[in-house]
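*Asks:* The structure that follows is given in the form of structure tokens.
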Amino acid sequence: MKILVTGGAGFIGSNFIYYMLEKYPSYKIICLDSLTYAGNISTLDEAMKNNNFKFIKGDITDRQLVFKLFAQEKLDVVVNFAAESHVDRSIKNPEIFLKTNILGTQVLMDASIKYGIKRYHQVSTDEVYGDLPLDRTDLFFTENTPICTSSPYSASKAAADLLALSYYKTFKLPVTISRCSNNYGPYQFPEKFIPLIIIRALNNKSLPVYGEGKNVRDWLYVEEHCEAIDLIIHGGKAGEVYNVGGHNEKTNLEVVETIIKELGKSKKLITFVSDRPGHDLRYAIDPTKIKNELGWEPKIRFDDGIKMTIQWYLDNKEWWTNIVNGEYMNYYEAMYGHREVITKGIKNTMIEEVASGRYK
Ligand code: NAD
Ligand code: DAU
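As structure tokens, then:
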């Protein structure tokens, strides 16, 4: 079996590559990644030592390159992780999200049709369903929940999903889609909430919590997402959507407090900052379909997964120091510099807070 994994130098894609190389020693894995700011080639250092693994630097929107790759490699399966994935960035600059997430998906599927791919898997997100109210804990996203997006990121992912389903119906491309909740674990880029909080807490820096920290996310340890995709590409039915996640709901404040407690840091580091525009209130997955059809269910409780994740960031300081000391600092300044810091009713910008010495 030969699998093309796009976006494999990013967080979930790299975890998937390691999962598959270990579980299927006879499979060949090819990674196509353009190495945007979120892709990190050093993440794949160990995979590079495996003869069954090959890395190709390239953009999924580059039609010529993609078609050439498909012509040369005789692929069986495509798993598309490649995407612009950060909601906050999509609010600042939506265009690249539309290009990569929608047009890139189209290019990969066009090539998949031409070269007779046996399974095209689109890695999607629960964000396509919008959000659920905080006071209705009885409600969950099912595969039949209507698409109702909030951010340019989620809108681009929803567009790609609809395009993929149209390719199944119109061109008979054997497509499957997984819609997963928030992942956490090794190799997650430090702009995302959990690694951001771990790394800043380790450095005794303020911990930015949007709004009042009441928004809820349904956290899934990344390896369990990889396991779900493995089951879907092998046993899932073409044309079907599978929700992945479930029953690890935490408010953002609970997540920060857990990390602070684990690291023995002070709660005083918590800094409430102005909210994300269009901030989804609650995500919660109903995983009944994938459980009944493919036998998948989440096993790792958040309390255990977060300990493993913190330990990974403690053991792999070099991996993230290289990131946070580089271009990322400019990003942090641009994203958070002018956010309001809300301290006991007084609203200042972060820059004013830094000047006053209250914000580190
Ligand atoms: P990530 O941002 O960590 O990694 C994305 C990878 O894609 C990077 O390596 C980047 O270099 C690559 N990439 C970006 N644009 C590309 C292009 N045009 N051509 C080739 N490569 C390109 O993302 P992630 O968190 O690992 O998410 C992977 C996928 O899973 C995304 O499709 C995302 O929408 C989806 N997803 C993520 C989560 C989550 O919690 N992180 C949850 C559900 C679904
Ligand atoms: O649900 C799946 C989605 O999860 C994926 O599709 C996205 O690719 C992935 O980035 C993630 O989206 P979120 O917006 O939920 O993740 P993020 O890590 O950006 O934020 C998680 C929560 O934490 C969210 O409610 C916003 C909040 N937050 C985030 C940051 C970066 C803060 O309070 N402070 C912060 O500094």
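For the sequence shown, my numbering gives the first residue as 24, with consecutive numbering after it.
Cβ coordinates follow ideal geometry from the N, Cα and C atoms, glycine included.
This one's a predicted model, so the numbers in the text were calculated from it and none came from an experiment.
1) Give, in chain order, every unbroken run of the beta strand (DSSP E) that is at least 3 residues long and sits entirely within the region 139-207.
2) Buried or exposed: where does HIS248 fall if 16 or more other Cβ atoms within 10 Å of its Cβ makes it buried?
3) Quick check: the Cα distance between ASN238 and ASN315, rounded to an integer number of angstroms?
4) Report yes if the C-beta distance between GLN145 and THR128 is below 8 Å; otherwise report no.
5) When the Cα atoms are used, what is the spatial distance from GLU272 to ALA94?
6) Please report the residue range of the alpha helix (DSSP H) in which PHE325 lies.
7) Nearest by alpha-carbon distance to GLY234: which of LEU276, VAL100, SER37 and LYS77 is it?
8) Would you say GLU150 touches ligand 2, meaning its beta carbon is less than 7 Å from a heavy atom?
9) Looking at TYR210 and THR66, is the spacing between their C-beta atoms short of 8 Å?
10) Looking only at its own chain, which residues have a Cβ that is under 8 Å from the Cβ of GLY301, when we skip the five neighbours before and after it?
11) Under a three-way DSSP split, which group does ILE282 fall into?
12) I need the DSSP call for TYR42, collapsed to helix, strand or coil.
13) State buried or exposed for PRO310, treating a residue as buried only when at least 16 other CB atoms are found within 10 Å of its CB.
14) With respect to 7 Å, is the separation between the Cβ of PRO213 and the closest non-hydrogen atom of ligand 2 below this value?
15) Is it the case that the region 339-358 contacts the region 188-207, given that we only count it when at least three CB pairs across the two stretches are under 8 Å?
16) Count the other C-beta atoms from every protein chain shown that fall within 10 angstroms of the C-beta of ASP158, then say buried if there are 16 or more, exposed otherwise.
17) Determine the burial state of HIS109: buried for a count of at least 16 other Cβ atoms within 10 Å of its Cβ, exposed for fewer.
18) Taking the alpha carbon of ASP12 as the reference point, which residue from ILE255, GLU285, TYR190 and ILE125 has its own alpha carbon closest?
19) Where do the ends of the alpha helix (DSSP H) carrying THR128 lie?
20) How should LEU162 be labelled, buried or exposed, when 16 other C-beta atoms within 10 angstroms of its C-beta is the threshold for buried?
21) Are the region 57-72 and the region 27-37 touching by the rule of at least three beta carbon pairs closer than 8 Å?
22) Return the first residue and the last residue of the alpha helix (DSSP H) that ILE114 is part of.
23) Judging by CA-CA distance, which residue of ASP241, LYS291 and ILE220 is the nearest neighbour of ASP154?
24) Would you mind reading off the limits of the beta strand (DSSP E) that contains LEU230?
25) Using the Cα positions of LYS291 and ILE26, report the straight-line distance between them to the nearest angstrom.
26) Output the residue ranges of the beta strand (DSSP E) runs that lie fully inside the region 259-308 and measure 3 residues or longer, sorted by chain position.
27) Answer yes or no: do ILE53 and LEU131 have a C-beta to C-beta separation smaller than 8 Å?
28) On a Cα-Cα basis, can you pick out the residue from ILE170, VAL364 and ALA183 that is closest to LEU121?
29) Which term fits SER201, buried or exposed, when burial requires 16 or more other beta carbons within 10 angstroms of its beta carbon?
30) Apply the 10 Å Cβ neighbour rule to GLU356 and answer buried if 16 or more other Cβ atoms are within range, or exposed otherwise.
31) Would DSSP call THR59 helix, strand or coil?
32) Identify whether GLY30 lies in helix, strand or coil by the three-state DSSP scheme.
33) To the nearest angstrom, how far is it from the Cα of ASN227 to the Cα of GLY349?
34) Using three-state DSSP, classify ASP85 as helix, strand or coil.
35) For LEU58, which residues from the same chain have a beta carbon less than 8 Å from its beta carbon, with the 5 sequence-adjacent residues on both sides left out?
*Replies:* Checking against the coordinates, here is how it stands:
1) 142-148 and 198-203
2) buried
3) 29 Å
4) yes
5) 44 Å
6) 325-338
7) LEU276
8) yes
9) yes
10) ILE114, SER173 and SER174
11) helix
12) helix
13) buried
14) no
15) no
16) exposed
17) buried
18) Residue 12 is absent from the model: the chain starts at 24 and stops at 383.
19) 127-137
20) exposed
21) yes
22) 110-115
23) ASP241
24) 230-233
25) 47 Å
26) 263-267, 272-274 and 293-296
27) no
28) ALA183
29) buried
30) exposed
31) coil
32) coil
33) 19 Å
34) coil
35) ALA32, ILE64 and LYS80
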